[in-house]
Amino acid sequence: MSERFTKGMARNIYYGGGMFFMLLFIGLTVDTVTAIPERENRDQLTAEVAHGKELWEQNNCVGCHSLMGEGAYFAPELGNVFQRRGMDNEAAFKAYFGAWMKAMPTGVEGRRQMPQFHLSDEELNAMAEFLIWSSRIDTNGWPPNKEG
Ligand code: HEC
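Residue numbers for the sequence shown follow my numbering, beginning at 127 and rising by one.
See below:
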């Protein structure tokens, strides 16, 4: 009986399959890289937004919160907090955010506590700008659940 699956066939599957998935990988990478600038609103990246990001890192907000699903799951997702708490209204969100940050910790029994960060009004404004900008990134609706 002749051998039906030859070494040559195995080699072709190996190289052909490898090439196919390599091309698929390159295609998807190009697609991602070209889609990102349209989704992240680069033109709205102001110095204040950048300062807010800096404060976000310095104060380790991500140690408890997630942003677009990335981070810790101790506290609510903040990538959508602008829509959830500010109803997409910048002035309303800034008022809420400033009051929230100044009211911490609430000391309410049975609730998880958030520390007081003693941020100035200018710093709170920059953080709010950063959260507003982040919320406008088109993430295809990620994370799927409301509070992350
Ligand atoms: C030690 C953990 C911890 C850190 C660090 C922390 N938070 Fe929080 N945060 C919480 C908890 C817990 C809650 C929910 C409290 C509650 O609902 O009573 C919360 C809630 C919030 C909310 C309200 C979210 C909502 O959906 O109502 C905002 C806004 C917020 N944090 C912003 C920040 C920012 C900005 C930073 C960084 C400067 C930060 N947090 C750092 C624990 C933390």
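Backbone N, C-alpha and C define an ideal beta-carbon position, used for all residues, glycine too.
Distance, Met148 Cα to Gly142 Cα: In a straight line, the C-alpha of Gly142 is about 10 angstroms away from that of Met148.
Separation of Glu196 from Asp214, as counted between CA atoms: Their Cα atoms are separated by approximately 22 angstroms.
Beta-carbon contacts of Ala198 that lie in its chain and below 7 angstroms, excluding the five residues immediately before and after: Correct list, in chain order: Val188, Gly189, Cys190, His191, Ser192.
Pick from Gly205, Lys220, Trp226, His244 that is closest to Asn266, judged by C-alpha positions: The alpha carbon of Asn266 has as its nearest neighbour, out of Gly205, Lys220, Trp226, His244, the alpha carbon of Gly205.
Inter-residue Cα distance where the pair is Ala254 and Arg262: C-alpha of Ala254 to C-alpha of Arg262: approximately 13 angstroms in a straight line.
Reference Glu249; option with closest CA among Ala161, Ile139, Glu180: Of Ala161, Ile139, Glu180, the residue nearest in Cα terms is Glu180.
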